[in-house]
Amino acid sequence: MTTGAVIFAQGLGKINYIAIAERAAKQIHEYLDIPVTLITDHPVDNTVFDQVVTASAELGGQRHWPGTDFTTNWYNIGRSRAFELSPYDTTLLLDADYWVYSDQLKLILESKHSFQCHSTYIGLPLKHDRVCYFGKAHVPMWWATVVKFDRSERSQDIFTAWQMVEKNYHHYANLFGFDPNPFRNDYALSLALLLMSGNQQPTDVAIPWPLINIEPGNQINLDQNCLTLTFDRVTAGELKSFKITAADTDIHVMDKKFLETQIGN
Amino acid sequence: MDPTEITQKVKSRFDHSLARQMVKEKYQAKMVFAHAGGMWRAGPELTAMIFTCGKIGEAVLLDLYETPVKINTTELMALSQQRWQEQMNAWLVEYEQLNKNR
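From first to last, the protein sequence lines stand for chains R and X. Counting from 1 along the first sequence, just add 85 to a position and that's the residue number in our numbering. Counting from 1 along the second sequence, just add 101 to a position and that's the residue number in our numbering.
Spelled out as structure tokens, the structure:
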């Protein structure tokens, strides 16, 4: 039985996702001690990844990332092929901007549940909504940022449903009342899980702790495995600067500008 | 780093409330463990659930995913208490460290 992580980095636009994925792979090696496969449509020449799988990219639309002064093409369609492209029996599918700083995900890899992902999140520093909803139907969103799956029929069925939603994305956008542009894997996965659970929220796939998102627009410092986040908040009618630290915590860094400054560190 | 950034960093207050919440989230996650094919969260709730079985030996309990799992009460109790104590000790150390921040 093989276990490993898979990261997608396709269709490079103004953000160098391959370089960001290299940093993510180093973290995965250090804290989870599992091999990492990169799925890309670009030639890669480095020794960080254990395997590189070539797969074509498809444009999911244009996206402006807060914290940047540009809009970039977002090649995010095709993540639903992870089941067929992964070389492992048990796979941890991670976003390139999800950086591991603990061994917490080992628990997910060791669990007998065939498919798992996050249903709850905390957006640092200020969002504590826990659950994100999308569309006029207020469908609870499941995050495609961290997905664990195995070779079971159930995992395969979820990925098949994910591909079906992806192919008919505009139809589902009309049906559930959300903007089809840009394409969002989180939405496609959420709808796939909804379909696979008989139009109900699944009860057996949630990772039992929240995803920690670092929202853009704040000052981030990473020193070894300790994050320091400096941010502004209105207190008693006055804008004041605050900071927090978090050590040994896995983070989903949504500030692409910051990610690029960390490349090579 | 430019001077205004340094000034801002020095002036920044440590947000104890948010930092404590983050530490709580971290240790709540660390309380989760796998046993007998089920997922469990160590703590008073699980301890109480094991006690309600009222017997030593095999029992069937609902895990975090509300799946019935056959367990050995002694083994699950030992694992739960060990993890609970380890993580609570680590939580205390980090909590006290946070309180020193200004």
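Ideal Cβ placement from N, Cα and C applies to all residues, glycine included.
Within chain R, partners of residue i - CB distance below 9 Å
i      : result
X:Y166 : H198, T288, D289, V290, A291, P293
is_contact[residue i, chain R] using C-beta, thresh 8 Å
i      : result
X:G155 : no
X:M189 : no
X:A120 : yes
X:L150 : The sequence shown places Met at residue 150 of chain X, rather than the Leu named in the question. With 8 Å as the cut-off, X:M150 does not count as an interface residue toward chain R.
X:M123 : yes
Reduced DSSP category for residue i - H, G, I as helix; E, B as strand; rest coil
i      : result
X:R114 : strand
R:F327 : strand
R:F168 : helix
R:M86  : coil
R:A291 : strand
R:K221 : coil
R:D126 : coil
R:Q95  : coil
R:H213 : strand
X:M132 : coil
R:W184 : strand
X:L162 : strand
X:R142 : strand
R:Q418 : Nothing can be reported for residue 418 of chain R: it is not among the residues displayed for chain R, which extend from 86 to 350.
R:T315 : strand
R:A229 : strand
R:L144 : coil
R:Y160 : coil
X:T174 : helix
R:D271 : helix
R:N266 : coil
Under 9 Å by beta carbon: chain X residues contacting residue i
i      : result
R:K342 : Those within 9 Å of R:K342 in chain X number zero; the least Cβ separation is about 14 Å.
R:P210 : D116, L119
Cβ distance (whole Å) where residue i is taken to contact residue j below 8 Å
i      : j      : result
R:G96  : R:A142 : 4 Å
R:A258 : R:P265 : 4 Å
R:T87  : R:Y173 : 5 Å
R:I100 : R:T157 : 6 Å
X:S181 : R:S326 : Wrong, their Cβ atoms sit about 42 Å apart, outside the cutoff.
R:L179 : R:I92  : 6 Å
X:L165 : X:R142 : 6 Å
R:A57  : R:Y102 : Since the displayed chain R opens at 86 and closes at 350, residue 57 of chain R lies outside it and no answer follows.
R:D126 : R:A140 : 6 Å
X:F115 : X:N202 : 4 Å
Residues that residue i contacts on chain R, provided the C-beta gap is smaller than 8 Å
i      : result
X:R114 : K325, S326, F327, K328
Cβ of residue i within 8 Å of any chain X Cβ
i      : result
R:L192 : yes
R:I243 : no
R:P128 : no
R:Q285 : no
R:I207 : yes
Chain-ordered chain X contacts of residue i [CB-CB under 8 Å]
i      : result
R:D333 : K127
R:E195 : A135
R:P225 : Going along chain X, no residue has its Cβ under 8 Å from R:P225, so there is no contact; the nearest lies around 17 Å.
R:Q112 : Neighbours of R:Q112 on chain X: none; closest Cβ ~17 Å, over 8 Å.
Cross-chain neighbours of residue i in chain R, by beta carbon under 7 Å
i      : result
X:M140 : S196, P293
X:A218 : In the structure as shown, chain X begins at 102 and stops at 203. Residue 218 of chain X is therefore absent and cannot be evaluated.
Neighbouring residues, chain X, relative to residue i (Cβ below 7 Å)
i      : result
R:Q347 : Simply none; closest approach about 15 Å.
Measuring CB atoms only, is the region 331-350 of chain R touching the region 115-127 of chain X, in the sense that at least three cross pairs come out at less than 8 Å? yes
Would you be able to state if there are at least three C-beta pairs under 8 Å between the region 156-167 of chain R and the region 189-208 of chain R? no
Is it true that the region 107-124 of chain R meets the region 176-187 of chain R, where meeting means three or more beta-carbon pairs spaced less than 8 Å apart? yes
Does the pairing of the region 274-290 of chain R with the region 214-231 of chain R give three or more beta-carbon distances under 8 Å? yes
Quick check: the region 283-298 of chain R against the region 165-174 of chain X, are there 3 or more CB pairs under 8 Å? yes
Answer yes if the region 305-318 of chain R comes into contact with the region 204-223 of chain R, meaning at least three C-beta pairs across the two stretches below 8 Å, and no otherwise. yes
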